[in-house]
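Below you'll find the structure, written out as structure tokens, and then a few comments.
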Amino acid sequence: MGSESQLFQRFGRVVPSGTLLFHENDPGEEMFIIQVGKVKISKKVRNIEKTLVVLGKGEFFGEMAILNDKPRSATAEVVEDSEILVIDRKTFETMIRGNAEIALRIIKKLSARLQEADNQIENLMIRDNTSRIVDLLAKLTREAGKPTGRGVELNYTFDDLAGMVGLGREQVVSILDKLVKIQVIDLSGGAIVISNKEQLDRFMRYMEMREMFGEFS
Ligand code: CMP
């Protein structure tokens, strides 16, 4: 038997989409490694749910409560049928103590997460809502865009975008409608398509200038 399936026999759990693994502020005694599927990490701020990240194959979560001895910092929900390794505190600590390679991978991942959190802070501090959406579209185009004949297609719903930037759905839809009018995106086929990447870049530069200089009249 391969080492992966041995691991799965010992720690694995098959978890259907829609399962809430834990809720923000719950006590936490386990961490999770995704082998198949997707898990959404989110936080509720006032009454708006903000998606911090959607994690996929090979990624881990739930380590913070164990490392810091604090309650869960966010909620974890399975959003695509998944196979997940569930590792208890003692096994996690033994794994880290016994394997520098695993420890290094975790440190690298935590650094990347901190950097992403810094970017989000910057984003929340300076940017108006349109800039936030435009920046997010540019980021998703780079990281997860699917080239098609009509442009770069993004496999996200309006609610996904709203969750990622911490705005209401209606606000997001109204900004997307404006981006359709200036021919940056196309929503006519039911998906979000970046129909003109150069126009998106130009519009981002325009928004940056406006932030720098304000409205000049
Ligand atoms: P824990 O606090 O145990 O439970 C929630 C988990 O979500 C947390 O551990 C991290 O693994 C993960 N998490 C929290 N904040 C972020 C973030 N900003 N980006 C990615 N993952 C996060």
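In this note's numbering, the protein residues as written are 18 to 234.
Even for Gly, the Cβ is constructed at its ideal location relative to N, Cα and C.
Here the structure is a predicted model, which means the values were calculated and not measured.
Give every residue of the same chain whose Cβ lies closer than 8 Å to the Cβ of residue 105, excluding the five residues on either side of it in the sequence, and list them in chain order.
Locating residue 105 in the sequence shown gives position 88, counting from the first residue. Cβ within range, chain order: 46 and 47.
Using beta-carbon positions only, say whether residue 151 and residue 162 come within less than 7 Å of one another.
Translated into the one-based positions of the sequence shown, residue 151 becomes position 134. Translated into the one-based positions of the sequence shown, residue 162 becomes position 145. Going by C-beta atoms, residue 151 is not nearer than 7 Å to residue 162.
At a cut-off of 6 Å, would you count residue 25 as near the ligand CMP, judging by its Cβ distance to the nearest heavy atom?
For this step, residue 25 is matched to residue 8 along the sequence shown. No; taking the cut-off as 6 Å, the Cβ of residue 25 has no heavy atom of the ligand CMP nearer than that.
beta-carbon residue 90 near the ligand CMP non-hydrogen atom, thresh 6 Å:
What you label residue 90 is simply residue 73 of the sequence shown in a count that begins at 1. Residue 90 Cβ: within cutoff of the ligand CMP.
Buried or exposed, going by whether 16 or more other CB atoms sit within 10 Å of the CB of residue 82?
In the sequence shown, the residue the question calls residue 82 occupies position 65. By the neighbour-count rule (16 or more Cβ atoms within 10 Å), residue 82 is buried.
So, under 8 Å CB-CB, residue 75 and residue 51 are touching, yes? Tell me the CB distance rounded to an integer number of Å.
Taking the sequence shown and counting its residues from 1, one reaches residue 75 at position 58. Taking the sequence shown and counting its residues from 1, one reaches residue 51 at position 34. Contact holds; Cβ gap of about 7 Å.
For the candidate residues 172, 156 and 146, whose alpha-carbon lies nearest to that of residue 185?
Start at 1 with the first residue of the sequence shown, and residue 185 comes out as number 168. The shortest C-alpha separation from residue 185 is found at 146.
So, for residue 73: in the same chain, excluding its five sequence neighbours on each side, which residues have a beta-carbon less than 7 Å away from its beta-carbon?
Along the sequence shown, one-based indexing puts residue 73 at 56. Cβ neighbours of residue 73 beyond the five flanking positions: 51 and 55.
Rounded C-beta distance between residue 21 and residue 91? I'm assuming under 8 Å.
For the purposes of this step, residue 21 is identified with residue 4 of the sequence shown, where counting begins at 1. For the purposes of this step, residue 91 is identified with residue 74 of the sequence shown, where counting begins at 1. That pair is no contact at about 28 Å.
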